[in-house]
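2 protein chains.
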Amino acid sequence: MPYLKKSTPANEPVDCRILTAALDLFVERGFHNVSIHDVQKQANVSIGSIYNHFGGKEGVAKALYYHLMKEFEEMIGDVMEEKLSARERCNKIIRQLFEYTETRRNIVAYMLHAKHREFLPDEPPICSSTPFKAMRNIVQEGMDAGEIRPGEPWVLAASVFGGAIRMIHLRLDGVIKKPLTLYYEELIDCTWQGLLADAAPTPQEQKAG
Amino acid sequence: MPYLKKSTPANEPVDCRILTAALDLFVERGFHNVSIHDVQKQANVSIGSIYNHFGGKEGVAKALYYHLMKEFEEMIGDVMEEKLSARERCNKIIRQLFEYTETRRNIVAYMLHAKHREFLPDEPPICSSTPFKAMRNIVQEGMDAGEIRPGEPWVLAASVFGGAIRMIHLRLDGVIKKPLTLYYEELIDCTWQGLLADAAPTPQEQKAG
DNA sequence: AAAAATAGATCGAATGTTCATTCTTGTCAA
DNA sequence: TTGACAAGAATGAACATTCGATCTATTTTT
Numbered sequence: 002m003p004y005l006k007k008s009t010p011a012n013e014p015v016d017c018r019i020l021t022a023a024l025d026l027f028v029e030r031g032f033h034n035v036s037i038h039d040v041q042k043q044a045n046v047s048i049g050s051i052y053n054h055f056g057g058k059e060g061v062a063k064a065l066y067y068h069l070m071k072e073f074e075e076m077i078g079d080v081m082e083e084k085l086s087a088r089e090r091c092n093k094i095i096r097q098l099f100e101y102t103e104t105r106r107n108i109v110a111y112m113l114h115a116k117h118r119e120f121l122p123d124e125p126p127i128c129s130s131t132p133f134k135a136m137r138n139i140v141q142e143g144m145d146a147g148e149i150r151p152g153e154p155w156v157l158a159a160s161v162f163g164g165a166i167r168m169i170h171l172r173l174d175g176v177i178k179k180p181l182t183l184y185y186e187e188l189i190d191c192t193w194q195g196l197l198a199d200a201a202p203t204p205q206e207q208k209a210g
Numbered sequence: 002m003p004y005l006k007k008s009t010p011a012n013e014p015v016d017c018r019i020l021t022a023a024l025d026l027f028v029e030r031g032f033h034n035v036s037i038h039d040v041q042k043q044a045n046v047s048i049g050s051i052y053n054h055f056g057g058k059e060g061v062a063k064a065l066y067y068h069l070m071k072e073f074e075e076m077i078g079d080v081m082e083e084k085l086s087a088r089e090r091c092n093k094i095i096r097q098l099f100e101y102t103e104t105r106r107n108i109v110a111y112m113l114h115a116k117h118r119e120f121l122p123d124e125p126p127i128c129s130s131t132p133f134k135a136m137r138n139i140v141q142e143g144m145d146a147g148e149i150r151p152g153e154p155w156v157l158a159a160s161v162f163g164g165a166i167r168m169i170h171l172r173l174d175g176v177i178k179k180p181l182t183l184y185y186e187e188l189i190d191c192t193w194q195g196l197l198a199d200a201a202p203t204p205q206e207q208k209a210g
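As given, the protein sequences belong to chains X and D, one line each in that order. Be aware that the first sequence starts at 2, since it is given in this note's numbering, and climbs by one per residue. Be aware that the second sequence starts at 2, since it is given in this note's numbering, and climbs by one per residue.
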């Protein structure tokens, strides 16, 4: 008998099933519009199991948050491993975020699009978390190395990543219809070169061809 | 007897008191963590009044949304009235948003920071609303006029406003500690000139400076 | 090897609370 | 007197959480 039912493969461990179901539901409807019973049904699991594993609804959200945060940190960590310039690092992170937005939409939505303060009141805002700090550090290093124009770190960081994050939001909201990866090159260009029509290519760019 | 109690001046009309209280509470705690009773208490109003005026909790949120959206539209409208270049218009809008973020924090937070889909499921995402469309139009016009480099409208719009919106979010989350207006000039500069350290000033800039 | 015992995970009906909404009564201006 | 609005106690539905029963897998005993 073939397993036509693809929704929740019963061989996955219970806690994974719970987290997966919760992620999908939280992103689709928002934390407060999802009941434990919804999660329980979608995960093919009993209410009791959810409480045993995570201690409640908030526990599920928190576990999800920590888990995905760790993956996010690892992604940044990988970029830091490579021997790259600050500018290349920033580009690579943006590239990755764009790709994840297309391939693992809900993960990105949960991390970048959710208002965690409304359901995880004890967590600091995500923009003060390690991965975001690391991103700002990269910008700072680029500035120290004379690669990025000198200036106020907040402004520089927002200028580097603001456009990308904005596009991710628009994409997640369904306002942008095409995959973000199509826009990557051009966005990078606008970010570093500026937007003026008559902006002269920099010496660097001219050398690069 | 002096009115020491400054919280809710009783002379304001009832519906205004309700909206003001709701705005503050929704922004501070999030829509789902605020009960009608909380609003009722903070507004010094009865539950009945809230239902008479707005038909319920969602009605209050919706009325607030429409009201602030209209103000937002008017702000953009004012900028469109003035005879300005596209670039100047964009800058002006950013300037205004920064100022409002400092002086009318909760209004900006409710419009730019809330996840309306989670409590106003019938509203389209705010980024597809008229003011945001107008902002994208300005960018398009700048492109058509040869003022902004040609390119994909989404990318250009995100590049123009992405940094500013990012900074607003950071400020609202309390991550940026100083008033945004301090950063305005530099942000504008980064946005239009790009971020490379050796970016040559454009002919335009050289003339201006 | 079979049976019994133990630990630990899973289950879901029952509980108690929270909260949006209703509805009846009270107030006041015209 | 009437109409419009304000008040807040009462209602009932939705929901997170509890807890004892049930099941499963592993170890111990015979």
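Where a beta carbon is used, it is the ideal one built from N, C-alpha and C, also for glycine. In this text, all values refer to a predicted model and were calculated from it rather than measured experimentally.
Identification of residues in the segment 165-182 of chain X having a C-beta nearer than 8 Å to some C-beta of chain D yields Ala165, Ile166, Arg167, Met168, His170, Leu171, Asp174, Gly175, Val176 and Ile177, given in sequence order. Contacts between Val80 (chain X) and chain D, judged by CB atoms closer than 8 Å, are missing: the closest CB pair is about 18 Å apart. Considered as a whole, the segment 105-180 of chain D harbours no complete run of any beta strand (DSSP E) with no fewer than 3 residues.
Under the Cβ criterion (8 Å, minimum of three pairs), the segment 173-191 of chain D does not count as touching the segment 15-27 of chain D. Three or more beta-carbon pairs separated by less than 8 Å are not found between the segment 142-151 of chain X and the segment 127-146 of chain D, which leaves the two stretches without contact. Below the 7 Å Cβ cutoff, chain X contributes Tyr184, Glu187, Leu188 and Cys191 as neighbours of Val156 (chain D), in chain order.
Residue pairing for Leu69 (chain D): DSSP places it in no beta bridge.
CA-CA distance, Leu157 (chain X) to Arg150 (chain X), rounds to 8 Å.
Residue contact with chain X for Leu196 (chain D): present (Cβ-Cβ distance below 7 Å to some residue of chain X).
Its chain contains Met70 as the residues whose beta carbon lies nearer than 7 Å to that of Ser130 (chain D), once the 5 sequence neighbours on both sides are disregarded; these appear in chain order. Pairing Gln43 (chain X) with Ala64 (chain X) gives a Cβ-Cβ distance that is not under 7 Å. For Leu98 (chain X), the three-state secondary structure derived from DSSP is helix. Think of a sphere of 8 Å around the beta carbon of Pro126 (chain D): the chain X residues whose beta carbon falls inside it are Asp174, Gly175 and Val176, in chain order.
Within the segment 134-155 of chain X, contact with chain D at the beta-carbon level (separation under 7 Å) is assigned to Gly147, Glu148, Ile149, Arg150, Gly152, Glu153 and Trp155. Put simply, the backbone Cα of Gln194 (chain D) is about 52 Å away from that of Val46 (chain D). Below the 9 Å Cβ cutoff, chain X contributes Gly31, His114, Ala115, Lys116 and Glu119 as neighbours of Lys116 (chain D), in chain order. Straight-line measurement puts the Cα of Ala110 (chain D) at about 13 Å from the Cα of Ile127 (chain D).
Ala165 (chain X) places its beta carbon 7 Å or farther from that of Ile108 (chain X). Interface with chain D (7 Å Cβ-Cβ cutoff): Ser129 (chain X) is included. Between Ile77 (chain D) and Ala135 (chain D), the CB-CB gap stays under 7 Å. Taking the C-beta atoms as reference points, Gly163 (chain X) is found nearer than 7 Å to Arg167 (chain D). Per DSSP, Gly56 (chain X) is not a residue of any alpha helix (DSSP H), being assigned neither H nor E. Bridge pairing for Leu197 (chain X): D:Ile149 [DSSP]. The three-state secondary structure of Glu82 (chain D), taken from DSSP, is helix. When D:Ile189, D:Arg106 and D:Ile37 are compared, the shortest CA-CA separation from Asp174 (chain D) is found for D:Arg106. DSSP places His38 (chain D) inside the alpha helix (DSSP H), whose first and last residues are Ile37 to Ala44.
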